[in-house]
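*Asks:* What follows is a single structure, and I will ask about it in a moment.
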Amino acid sequence: MAYQSTPEQLSSKRKKVTPLESRRTAKSPTERGSAFLQELRLRISSLLQTTLDAERIVDYFYQEVQSAVAVDGLSYRHEVAAVEIRQGMREKHRAHYRLSTNEDYFGEIEFTRRHRFSENELIKLESLLDLFVYPMRNAMAYQEALRCAVTDPLTGVGNRLSLSNALRRELELCRRYDQQLSVLLMDIDRFKSVNDLYGHSVGDQILQSVAQITRRSLRDADSIYRMGGEEFLVLMANTSLADARLIGERIRVNIAQSDLDLGPEAKPDITVSIGAAEYQDGLNPDTLVQAADQAMYKAKRNGRNQVQVL
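Counting from 1, one number per residue, gives the positions in the sequence shown under full-length UniProt numbering.
Structural data, given as structure tokens:
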């Protein structure tokens, strides 16, 4: 409830003061604004250090920035890491910043809203950007470490650890929901001879190309893993053996018809032998892969460059 003093009450409260006491003790608007930004910086800094999740960092920053400057939307983009995160609405007026130091690039951030930003508002936004950069850098480094732990460094596909985790997960879903699951085991034909003839550099290019062609030949829900050496495994959930064989044939043809640029001296014919297997009751990850392996060796014995099932 508001309290309104009468003239008598005000008069009774007056007293003589010295010049020193009469100095204003209240902070000026500039001082209050500076104190608020300092408090906001502390709050944002503490909050962004609580997570290594990039989306949460963007969300937290977007919410806290509103305390200083009203924005309708915020987007963060990092082309190299293939990351793009948006919060709010994308409007007409934008304040766009490239986040970098002398040596490192940390992506780009953009604030948008329906009406133009004032110069003072832009200064406030810029004063908060450093609080965003380093938590986001840490989050990106953490995600990269996680990715490297389950990714084959040469080809960029999943590694054996990633495959092991995926197989356990998919077999559990098969048992629980009576779903189909098929795998393809691929081996590059005569790879050792090609490696010996043209060198390991060409061999590495072939492995990378086979992985890329296979990826492009798969459906969005399928996944590919490098078993080691020149062997790859494709995991296909909700897929029958007949459909898996068709997909394997598409991969085989695309690889056989590819014109790889391996240099003027290297013109090997690259083909793959593929074995297909389907999950059956009682199989575990190892026995499912063994079944595909037996089918792949059947393809090798029958002349290579083909798809076989047991």
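Ideal Cβ placement from N, Cα and C applies to all residues, glycine included.
How would you write the range of the alpha helix (DSSP H) that Asp187 sits in, first residue to last?
*Replies:* Here the question's residue 187 lines up with position 187 in the sequence shown. Run containing Asp187: none in the alpha helix (DSSP H); it sits in the beta strand (DSSP E), Leu181 to Ile188.
*Asks:* Roughly how many whole angstroms lie between the Cα atoms of Ser223 and Ser193?
*Replies:* As a working mapping, residue 223 is identified with position 223 in the sequence shown. As a working mapping, residue 193 is identified with position 193 in the sequence shown. Approximately 28 angstroms between the Cα atoms of the pair.
*Asks:* Three-state secondary structure (DSSP) at Gly248?
*Replies:* In the sequence shown, the residue the question calls residue 248 occupies position 248. Gly248: helix per DSSP, three-state reduction.
*Asks:* Cα separation between Phe132 and Ser67?
*Replies:* Position 132 of the sequence shown, counted from the first residue, corresponds to residue 132. Position 67 of the sequence shown, counted from the first residue, corresponds to residue 67. Taking the straight line from one Cα to the other gives about 15 angstroms.
*Asks:* Within 10 angstroms of the Cβ of Gly107, are there 16 or more other Cβ atoms? Answer buried if so, exposed if not.
*Replies:* Within the sequence shown, the letter at position 107 stands for residue 107. Buried is the call here.
*Asks:* Which parts of the UniProt domain "GGDEF" (179-310) are runs of the alpha helix (DSSP H), unbroken and 4 residues or longer, counting only runs that do not cross its ends?
*Replies:* With a minimum length of 4 residues, the continuous alpha helix (DSSP H) runs that stay inside the UniProt domain "GGDEF" (179-310) are 191-198, 200-217, 241-256 and 285-301.
*Asks:* Alpha carbon to alpha carbon, what distance is there between Thr155 and Ser127?
*Replies:* Here residue 127 refers to the residue found at position 127 when the sequence shown is read from its first residue. Here residue 155 refers to the residue found at position 155 when the sequence shown is read from its first residue. Roughly 41 angstroms separates the two Cα atoms.
*Asks:* Check Gln66 in the structure and name its three-state DSSP category.
*Replies:* As a working note, residue 66 is residue 66 in the sequence shown. Residue state, collapsed to three classes: coil.
*Asks:* Can you give me the start and stop residues for the beta strand (DSSP E) that Ala139 sits inside?
*Replies:* Taking the first residue of the sequence shown as 1, we reach residue 139 at position 139. Segment Glu119 to Ala149 is the alpha helix (DSSP H) holding Ala139; no beta strand (DSSP E) there.
*Asks:* In terms of residue numbering, what span does the beta strand (DSSP E) encompassing Glu108 cover?
*Replies:* Sequence index remark: in the sequence shown, residue 108 carries index 108 (1-based). It spans Tyr105 to Arg113 - the beta strand (DSSP E) in which Glu108 sits, taken as one unbroken run.
*Asks:* Helix, strand or coil for Gln38? Go by DSSP, reduced to three states.
*Replies:* Indexing the sequence shown from 1 puts residue 38 at position 38. If DSSP states are grouped into helix, strand and coil, Gln38 belongs with the helices.
*Asks:* Which partner residues does Gln87 have in the DSSP bridge list?
*Replies:* Reading the sequence shown from its first residue, position 87 is the one you call residue 87. The partner list for Gln87 (beta bridge, DSSP) reads Leu74.
*Asks:* Whole angstroms is fine: what's the gap from Arg250's alpha carbon to Thr239's?
*Replies:* Counted from its first residue, the sequence shown places residue 250 at position 250. Counted from its first residue, the sequence shown places residue 239 at position 239. So the two alpha carbons sit approximately 15 angstroms from each other.
*Asks:* Where does Ala292 land, buried or exposed, given buried means 16+ other C-beta within 10 angstroms?
*Replies:* Working through the sequence shown from its first residue, we reach residue 292 at position 292. Per the 10 Å Cβ criterion, buried.
*Asks:* Tell me which residues share the same chain as His96 and place their Cβ nearer than 6 angstroms to its Cβ, disregarding the 5 neighbours each side in the sequence.
*Replies:* Translated into the one-based positions of the sequence shown, residue 96 becomes position 96. Cβ within range, chain order: Glu110.
*Asks:* Grouping DSSP H, G and I as helix and E and B as strand, with all else coil, what is Ser22?
*Replies:* In the sequence shown, the residue the question calls residue 22 occupies position 22. Any reading at Ser22 needs caution, since the residue's pLDDT is 41, under 50, leaving its predicted position unreliable; the model's value is listed next. Of the three classes helix, strand and coil, the one that applies to Ser22 here is coil, per DSSP.
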